[in-house]
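Chemist: My structure is below; once you've seen it, I'll send some questions.
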């Protein structure tokens, strides 16, 4: 717990608006991807097709879209940001893995790697000073 508090203090001392805008953009990106997966479920089943023999496909179908929708909103508003981002990591690792098991799409691979890097940064950095986490912490 002291580690999280020290990370939050460091993040609050080094916060800036461009980083907050990047966090909000990441949350909106995840939310829009969740909407895309819900509206085009056949695309998600095609993406998961290389993993069909490994089991858990239905679990993945029911995890990816809700995690993106709820996680995207939480990330955009800065509420439980680290937990929402940690929930995105298995999905992003799966997106990278699917590119190697199925047909390789360089655009999707680069997008997944960049989003994973930004996600890892915000897991370390936190939600920042302009977030609901900070607002609720100051109310206590």
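Residue numbers (our numbering): 2 to 141.
Just so you know, even glycine gets a beta-carbon here, dropped at the ideal spot from N, CA and C.
1. What three-state label does DSSP hand residue 104 in the structure shown?
2. Would DSSP call residue 138 helix, strand or coil?
3. So, does the segment 79-86 touch the segment 131-141, judging by three or more C-beta pairs under 8 Å?
4. In whole angstroms, what is the alpha-carbon distance linking residue 22 and residue 30?
5. Label residue 123 either buried or exposed according to how many other C-beta atoms from any shown protein chain fall within 10 Å of its C-beta, with 16 as the threshold for buried.
6. Please state the DSSP three-state secondary structure of residue 7.
Modeler: This is what the structure gives:
1. Mapped onto the chain shown, residue 104 falls at position 103. Judged by DSSP in its simplified three-state form, residue 104 adopts coil rather than helix or strand.
2. Counting from 1 along the chain shown, the entry for residue 138 is found at position 137. Helix.
3. Judged by Cβ distances under 8 Å, the segment 79-86 makes contact with the segment 131-141, as three or more pairs qualify.
4. Within the chain shown, numbered from 1, the residue matching residue 22 stands at position 21. Within the chain shown, numbered from 1, the residue matching residue 30 stands at position 29. A straight-line Cα-Cα distance of about 12 Å links residue 22 and residue 30.
5. As a working note, residue 123 is residue 122 in the chain shown. Classification for residue 123: buried.
6. Working through the chain shown from its first residue, we reach residue 7 at position 6. In the three-state DSSP reduction, residue 7 falls in the helix class (H, G or I).
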